[in-house]
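Listed in order, the protein sequences are those of chains A and B.
Mapping the first sequence onto my numbering, position 148 (from 1) lands on 179, and the numbers just tick up by one.
Mapping the second sequence onto my numbering, position 58 (from 1) lands on 89, and the numbers just tick up by one.
So the structure is just underneath, and the comments pick up after that.
There are 2 protein chains.
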Amino acid sequence: MDKGIQKNKAVSLNIPAITGNAPDTDVTGAAARVSPFDRWMARKLLDLLDEPPLALVLWNGEVIACPGKPVTRVLIRDGEALNQLLINPALHFGDLYSVGRIEIDGDLVKFLEIAYRAAASSPKYQRLKAAQTRLFNRPRTNRPAESRDNIHHHYDIGNDFYEFWLDNEAMQYTCAYFPAPDLTLEQAQRAKMDHVCRKLRLKPGDRVVEAGGGWGGFAHHMARHYGVRVASYNISHQQIVYAREKAKAERLDGMVDYIEDDYRNIAGEFDVFVSIGMLEHVGRDHYGELGDVIDRCLAPDGRGLIHSIGRNKPELMNAWIEKRIFPGAYPPTLREMMDIFEKHEFSVLDVENLRLHYAKTLNHWLERLNRHAEKIEAAYDMAFLRAWRLYLAGSIAGFTTGSLQLFQIVFTRGSNNDLPWSRAYLYREE
Amino acid sequence: MDKGIQKNKAVSLNIPAITGNAPDTDVTGAAARVSPFDRWMARKLLDLLDEPPLALVLWNGEVIACPGKPVTRVLIRDGEALNQLLINPALHFGDLYSVGRIEIDGDLVKFLEIAYRAAASSPKYQRLKAAQTRLFNRPRTNRPAESRDNIHHHYDIGNDFYEFWLDNEAMQYTCAYFPAPDLTLEQAQRAKMDHVCRKLRLKPGDRVVEAGGGWGGFAHHMARHYGVRVASYNISHQQIVYAREKAKAERLDGMVDYIEDDYRNIAGEFDVFVSIGMLEHVGRDHYGELGDVIDRCLAPDGRGLIHSIGRNKPELMNAWIEKRIFPGAYPPTLREMMDIFEKHEFSVLDVENLRLHYAKTLNHWLERLNRHAEKIEAAYDMAFLRAWRLYLAGSIAGFTTGSLQLFQIVFTRGSNNDLPWSRAYLYREE
């Protein structure tokens, strides 16, 4: 975990290369002056968010704030940054923060929660966002070749990077489960995996197919602790290599087959279909296709579980995250997810919303990322580190403010009557 | 419970008044003859269901069946019955069975399961049904005045009738909960009510509003065992009278207010919104309105639960049931239910599908109905008794074959972070 990683400048988020001061932050020059127009823009920004408890500190030290409110301070380093922020806050804040042209004086998560709540409850902001979404914010598509590019962008940054801040047992880059809120990250990821295995009622010998297996930790866990055979599909080459090596080292390679292929190519019959954290990458237009895949591969009495970030109402992924971090990502509503299930009359047996569990998981990740900040900055650069810090903090705020949900959906074929009489068995040993 | 009930000919299902022999079942006359056309119709009917393991026994004793299959015998008493059955089986079977022009030789539920499965898997039948649904099968609407008529049709038949076969403690005309499958009906209805109360995390002093309170048993249970104050809305006059009397007799009338009014008129602020078995009567076009009502009445950290029959894919209620038993009824899919939740960004926390629990509940009801058959026939008539027997048996088959689901959905406002860390508390004492 704590090994050094090599300088990896090949990995980049393509953020405009302004890693030091912004071009016009020469505080002694003309750009340091704050014009009446700058002040107007700052006030307009606060107005757009319906007068939130935020203070904008301009590059000359001047403070623009709503009178009488407790304030978090947002340091804006140059006029062009302010301008970009006003044009499209959801898109540009990320890049500006990443390169240090905006700083937050205080807790980043708390600031983001304030901003998210203000944005969500401001009709003015919602109108602007809707217009911008219509015009600019088209998530990249997820046909097989594009999926490969999109997934490469995110998951092939380097296993070393993720090792710094994910749990060090199973490298779970998905929501953990904290039945008791003081579990460690490693305990909570184990609890998540066991919770899913119980929901799926795994029994030795079951044939399991996993769509989107990450670094292989869950397939590994199922094979080792539940005696099942797993075919785990993934299109991230680096993850597959990592997973295979680990399975071989622990002599589980006879039980787990890590397959570098698209979920659309899943072949064979299985007792269990499971997918943890892949649906976000599938894309709205492909849920029916995913349903077809499940229908093709699931045995008559088969069980399934899909674990995914979701929404209470349809909304695109934040524009900056979609652009820099997660191309092609889209968190669906339960209604949208029904495209997977309805066509083949799958029966939804159980939905559990673990929203606050993801906030807690992300808190652990952010804390670890910050602990390894120096090494990460040395291996990548400051903008990369700050972008990831913002992404994790913003995701926490998304979950704590209720803009993001985490759904686990258990399903089976509509004709399968082999159902437990209660869910008490999920909780017997807790 | 076991008291005699008075002859109640005013209550009628409006089934054509052929309660004895059908007009052409004079077995000595010309009508007793089976023509080649009759035989063709019988074979066509089996063909429509894709050769199910059924034998059609015609009025002269002749048997038409698919060769080599194990068979349940369907006795068809006259040619016109066969004709009507072929024209629209889903609609006419019910009336023909009710008046005795069709009989089932053997277990009624098993026959219905065979027929439902055959119908569901036969493309020919599905095409016919789709066409007939388009042409004829429009559920009655549920604007307030119509809702009143629709509900009067079903629930104001007479409390005495329901007392014969519902549980004798709380008169729950909704799915019970059998965490152990051998519970009695009374135990399982208590378990259902407690399961719902736990899901809602009721605490003493909570203000609860119930939409569609039936005979008041659940409101009663909440007030008595959880110390909450309940406003229970219902538009069935007979049920309201019954509920008020019972609450007064048990001195709970200070805790429970039974209000004879439409759910759309719910007024005030509440900590909890609950509705058990009303959504089926709300109608597809009114889910948004129901969502508005909930949004208007639910406190910021309020919790809600909706318990409803549902579907895996959109489908109208069986035409005969909609016509004779449940006018205006429609069991929605999860996707359709999201019309309640999405607009106001309610967050779905938990969905549990209790499909087989409803089959078991209905088995208890049918067994009790049959036990009191003589008294019910004396108070109403044979057709009434047989219609209800068919309705309960058909509902069992609907749940066992997976055509019907039972969803319990727990929700809260999207911004409410007062959420339990696990569902283990639901199962602590089981």
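Positions of the beta carbon are idealized from the N, C-alpha and C atoms, including for glycine.
### Message
Closer than 7 Å between beta carbons: that is the criterion. Which residues of the segment 190-210 of chain A meet it against chain B?
### Response
Phe-209, Pro-210
Segment limits, beta strand (DSSP E) that includes Val-394/B = Before going further, note that residue 394/B is Asn rather than Val in the sequence given. Element bounds for Asn-394/B: not the beta strand (DSSP E) but the alpha helix (DSSP H), 386-402.
Does any CB atom of chain A fall closer than 7 Å to the CB of Met-224/B?
no
Other residues of its chain near Tyr-318/B: CB distance less than 6 Å, five sequence neighbours each side excluded: Asp-370, Ile-371
Residues in its own chain within less than 6 Å of Val-65/A by CB, not counting five upstream and five downstream?
Leu-89, Asn-91, Glu-93
**OP:** Just the C-alpha distance for Gly-314/A and Glu-376/A, rounded to the nearest angstrom, thanks.
**Re:** 21 Å
Nearest by alpha-carbon distance to Asp-288/A: which of Asn-265/A, Glu-144/A, Arg-444/A, Asp-225/A is it?
Asn-265/A
Would you kindly check if the distance between the Cβ of Pro-362/B and the Cβ of Arg-386/B is under 7 Å?
no
Quiz item: So, does the CB of Leu-450/B fall closer than 7 Å to a CB anywhere in chain A?
Solution: yes
- prompt: Closest Cβ-Cβ distance between Asn-384/B and chain A: below 7 Å?
  reply: yes
Original post:
What's the C-alpha gap between Lys-374/B and Phe-304/A?
Top reply: 32 Å
Q) Based on the DSSP output, what are the partners of Ala-330/B in its beta bridges? A) Ala-330/B pairs with nothing; no bridge assigned.
For this session: Along the beta strand (DSSP E) that carries Thr-215/A, what are the first and last residues, could you check?
Result: Here Thr-215/A belongs to no beta strand (DSSP E), and DSSP marks it neither H nor E.
Open item on the list: Can you check whether the C-beta of Gly-445/A is within less than 7 Å of a C-beta belonging to chain B?
Closed with: yes
Interface residues of chain B facing Glu-376/A [CB-CB closer than 8 Å]:
Asn-343, Lys-344, Gly-433
Can you tell me which of the three DSSP states Thr-432/A falls into?
coil
>> With three or more C-beta pairs closer than 8 Å as the rule, is the segment 421-438 of chain B touching the segment 330-340 of chain A?
In response: no
Problem - Among Leu-85/A, Asp-180/A, Gln-157/A, nearest to Phe-142/A - alpha-carbon criterion - result: Leu-85/A
- Message: Count Cβ pairs between the segment 238-250 of chain A and the segment 209-219 of chain A that sit closer than 8 Å; are there 3 or more?
- Response: no
For this session: Quick one: list the residues of chain B neighbouring Arg-366/A, beta-carbon separation under 7 Å, in chain order.
Result: Arg-366, Met-369, Glu-373
| request: List the residues that DSSP assigns as beta-bridge partners of Ala-262/B. | output: Val-240/B, Asp-288/B
Self-check item: Start-to-end residues for the alpha helix (DSSP H) that takes in Val-272/B
Solution: 268-280
Exercise for the section: Tell me whether Ser-462/A sits in a helix, a strand or coil according to DSSP, three-state version. Expected result: Outside the shown range of chain A (32 to 461) lies residue 462/A, about which nothing can therefore be said.
Self-check item: Under 7 Å from the C-beta of Leu-387/A: neighbouring residues of chain B
Solution: Asn-448, Leu-450
- Item | Exposure of Asn-384/A, with buried meaning 16 or more beta-carbon neighbours within 10 Å | buried
Tell me which residues share the same chain as Leu-79/A and place their Cβ nearer than 6 Å to its Cβ, disregarding the 5 neighbours each side in the sequence.
Lys-155, Tyr-156
Straight-line Cα distance separating Ala-63/A from Gly-445/B | 43 Å
> Helix, strand or coil: how does DSSP classify Ala-162/A here?
Replying inline: helix
| request: Might you give, ordered along the chain, the residues of its own chain that have their beta carbon closer than 6 Å to the beta carbon of Lys-223/A, omitting 5 neighbours on each side? | output: Ala-207, Tyr-208
*asked:* Quick test of the definition: if touching needs 3 or more C-beta pairs under 8 Å, does the segment 410-418 of chain B touch the segment 322-330 of chain B?
replied: no
(request) Using beta-carbon positions only, say whether Gln-220/B and Ala-201/B come within less than 7 Å of one another. (result) yes
What is the residue span of the alpha helix (DSSP H) that Ser-152/B lies within? 139-152
Starting from the beta carbon of Pro-212/B, find every residue of chain A whose beta carbon is closer than 7 Å, and list them in chain order. Trp-452
Exercise for review: Have a look at His-268/B, Gln-269/B, Pro-83/B, Ala-278/B and flag the residue whose alpha-carbon is nearest the alpha-carbon of Arg-260/B.
Suggested key: Ala-278/B
Nearest CA to the CA of Asp-284/B: which residue from Ala-262/B, Tyr-458/B, Arg-399/B, Lys-75/B?
Ala-262/B
Burial state of Asp-316/B, where buried means 16 or more other Cβ atoms lie within 10 Å
exposed
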